Amino acid sequence: MTKRRARQLLDPRHGTDGKPLLPARQSTRMSLRLPPLAAVHDDRAAKLTDFGGWEMPVEFDSIRTEHEAVRESVGIFDVSHMSEIAVSGPEATRLMQRLTSNDVTALSPGDAQYSMITDEAGLIIDDTVVYRLPEGDRVVAPDGDDARYLFVPNAGHDELMYDRWVAHRDEWGLDASVTNRTEEYAMVALQGPDAPDTLAAVTAGDIRNLSPFQAEYTTVAGVDALVSRTGYTGEDGYEILAPWDEAETVWSAFECQPCGLGARDTLRIEAGFLLSGQDFDYETDPRNPYEAGVSFSVKLDTEFVGRDALEGVHEEGSDQKFVGLRLIDRGVPRHGYPITTPDGETIGTVTSGTMSPTLDEPIGLGYVDHEHADVGETVRVEIRGQPKKARVEPANLLDEYR
1 MTKRRARQLL
11 DPRHGTDGKP
21 LLPARQSTRM
31 SLRLPPLAAV
41 HDDRAAKLTD
51 FGGWEMPVEF
61 DSIRTEHEAV
71 RESVGIFDVS
81 HMSEIAVSGP
91 EATRLMQRLT
101 SNDVTALSPG
111 DAQYSMITDE
121 AGLIIDDTVV
131 YRLPEGDRVV
141 APDGDDARYL
151 FVPNAGHDEL
161 MYDRWVAHRD
171 EWGLDASVTN
181 RTEEYAMVAL
191 QGPDAPDTLA
201 AVTAGDIRNL
211 SPFQAEYTTV
221 AGVDALVSRT
231 GYTGEDGYEI
241 LAPWDEAETV
251 WSAFECQPCG
261 LGARDTLRIE
271 AGFLLSGQDF
281 DYETDPRNPY
291 EAGVSFSVKL
301 DTEFVGRDAL
311 EGVHEEGSDQ
321 KFVGLRLIDR
331 GVPRHGYPIT
341 TPDGETIGTV
351 TSGTMSPTLD
361 EPIGLGYVDH
371 EHADVGETVR
381 VEIRGQPKKA
391 RVEPANLLDE
401 YR
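For the sequence shown, position 113 (counting from the first letter as 1) is numbered 113 according to the UniProt record's numbering, and the numbering increases by one without interruption.
Given below as C-alpha cells:
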C-alpha cells in the first residue's frame, strides 16, 4: 500500500479539513474490495475512501468542480460498488414480486423501476432499481424464454440480498435462478444535460431515443453493454453495465470530467434522493416508504413481504415526513443533528446536509413530525449545540432552482 493510499484510508469518513465526506459503513482497510477501475483512479490521483466495503474515489479535482460539470454539461462516475443480482427462470417474476414493493408484472422487457425491499413490518431494508432485461440478453443473464431480471441493491449489500432471495426462493419452492454478479460487471454513470450527445458519439444506434427508466443492449466503444436511462443526480443521464475486464475501455471512451462520490452526494442531496445508511438505516434508523417519501414505489395491490404492514401505514399515516431544509442562519446541517421548534421541542433529525454548490447555500434532508412538515415552516437545527434557523422545503430543492 502506498503512503498516499494509507493516509487517505486512515479516516475514510473525513476529508483533510476534518469535515465528514460520506458515510463509511466499514473500516476494514486492507480488506477493501477494489473496483475494476482502481488503477485508473490511482493514475488520476483521486482521493479515496471506504464506501460500503469498497475503495472508491471521493473526488478527482474538487467536489464543486465535479458537481458543476454534471449540472452544466456532463460528468462520468465509477459506480461499480453497486451490487448486481440476476434472477431468471420460470418463476422469476413471482420471486421478484414477492420481495420488492413495486409492481414487477408491469415491466416489459427493457423496462426498469425504482422499488423498496422491506421486511414483514414494512421497514426498508434497502432501495433498488429492478430491470426486466431486454430480449436477446447477451450481457447479464443466461439466454432463454423465461423472464430475466437484474436488480441493483446498494454497495456492500450483494451477499445480504443474494442470501435473502435464495432463502425465500427455497422457502416458497419457486423455480428461479439467483446469481450474484457484482464482481462480474463494472457500472459507469454518465450524467448531465450533455450526456445524451456524449454517449451517442460512442454507441451503436441512437441511444438518445431511449426513454427514462428504459434499458437496451448496445455497444459502447465496441464493448457489449446494458445501457439504461437512469441516474442518481437529478440530471439526465445513463448508467452503463459492462463486463468487468472491459471497464477501462468504456471509461476511456469519454473525455469528460471524472466525478467521485463526493459530488454524487451533493447532487443527490439537492435532488432529494435517499441514501441507504444515511437517510434510512435498517439497523439504526429504520423507516417505512411512506415516511421516507417514496410511497410511489409501493403498490398495495400486489403481494410482497411487508405489504400488510404498509397497508396499515397507508390508512393511518406515519408519524414523520421526509423533508428538505434550507438554512437561514449560518451553518451546515449534518447527519444526526436535532431539528427543533423555535421553543426547543425536538421534532426531528437531520439525515443529510451539505453546502449546495447549485443553490450556494446550506441545505439538508431529514425527518420532522407531520404537524411541522408544511413547506415554509420555520424550525431550528441544532449545530454544535447552537439553534440555527431553517425553513422546511420540499425534499427536491432543484425544482425551485429550475
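For every residue, glycine included, the Cβ atom is placed at its ideal position computed from N, Cα and C. These numbers were taken from a predicted model, which means no experiment stands behind them.
For residue 367 against residue 341, the beta-carbon gap comes to about 15 Å, at or over 8 Å, which does not count as contact. With distances taken between CA atoms, residue 173 lies nearest to 91 out of 244, 222, 91 and 225. Annotation: the continuous alpha helix (DSSP H) that includes residue 251 extends over 247–252. Residue 162: not part of any beta strand (DSSP E); member of the alpha helix (DSSP H) spanning 158–172, first to last residue. Pairing residue 58 with residue 186, the inter-Cα distance amounts to about 18 Å. Counting the other Cβ atoms within 10 Å of the Cβ of residue 102 gives 16 or more, which makes it buried.
Boundaries of the alpha helix (DSSP H) harbouring residue 312: 307–316, taken from the DSSP string. In summary, residue 33 is buried, with 16 or more beta-carbon neighbours lying within 10 Å of its beta-carbon over all protein chains present. When the five nearest sequence neighbours on each side are left out, the beta carbons in the same chain lying within less than 6 Å of the beta carbon of residue 194 are those of 73 and 74, in order along the chain. The beta carbon of residue 76 is closer than 6 Å to those of 190, 254, 256 and 258 in its chain, skipping five residues each way along the sequence. When secondary structure is reduced to three states using DSSP, residue 153 falls in the coil class, being assigned neither helix nor strand. Taking a contact to require three or more Cβ pairs closer than 8 Å, the segment 329–337 and the segment 354–365 qualify as touching. For residue 267, the enclosing alpha helix (DSSP H) starts and ends at 261–271. Around the beta carbon of residue 288, a 10 Å sphere encloses 16 or more other beta carbons of the protein chains shown; the residue is thus reported as buried. Closest in alpha carbon position to residue 104, among 271, 302, 235 and 205, is 302. Per DSSP, the unbroken beta strand (DSSP E) holding residue 191 starts and ends at 185–191. Judged by their CB atoms, residue 228 and residue 247 are not nearer to each other than the 8 Å cut-off.
Contact annotation: the segment 273–283 does not touch the segment 77–96, with fewer than three C-beta pairs closer than 8 Å. Around the beta-carbon of residue 230, 16 or more other beta-carbon atoms lie within 10 Å, marking it buried.
A distance below 6 Å between beta-carbons, with the five flanking residues on each side excluded, links residue 153 to the following residues of its chain, in chain order: 83, 126, 128 and 161.
For residue 206 and residue 200, the gap between their C-alpha atoms comes out near 6 Å. Counted as a single uninterrupted DSSP element, the stretch harbouring residue 207 is not any beta strand (DSSP E), since DSSP gives it neither H nor E.
Comparing alpha-carbon positions, the option among 239, 212, 208 and 204 lying closest to residue 222 turns out to be 204.
Nearest in C-alpha terms to residue 372, of all of 70, 354 and 394, is 394. Non-local beta-carbon contacts of residue 314 in its own chain, meaning distances under 7 Å to residues more than five positions away in sequence, involve 290 and 300 in chain order. Going by DSSP, residue 355 is part of the beta strand (DSSP E) stretching over 346–356. About 6 Å separates the CB atoms of residue 310 and residue 298; that is less than 8 Å, so the two are in contact. Per DSSP, reduced to three states, the secondary structure at residue 327 is strand. Ranking 233, 282 and 245 by CA distance to the CA of residue 263 puts 233 first.
With 16 or more neighbouring CB atoms inside 10 Å of its own CB, residue 155 falls in the buried class. Secondary structure within the segment 26–52: the alpha helix (DSSP H) runs of 4 or more consecutive residues, fully enclosed, are 38–43 (chain order).
As the crow flies, the alpha-carbon of residue 51 is around 9 Å from that of residue 261.
Around the CB of residue 239, 16 or more other CB atoms lie within 10 Å, so the residue is classed as buried. Between the alpha carbons of residue 380 and residue 157 lies a gap of roughly 35 Å.
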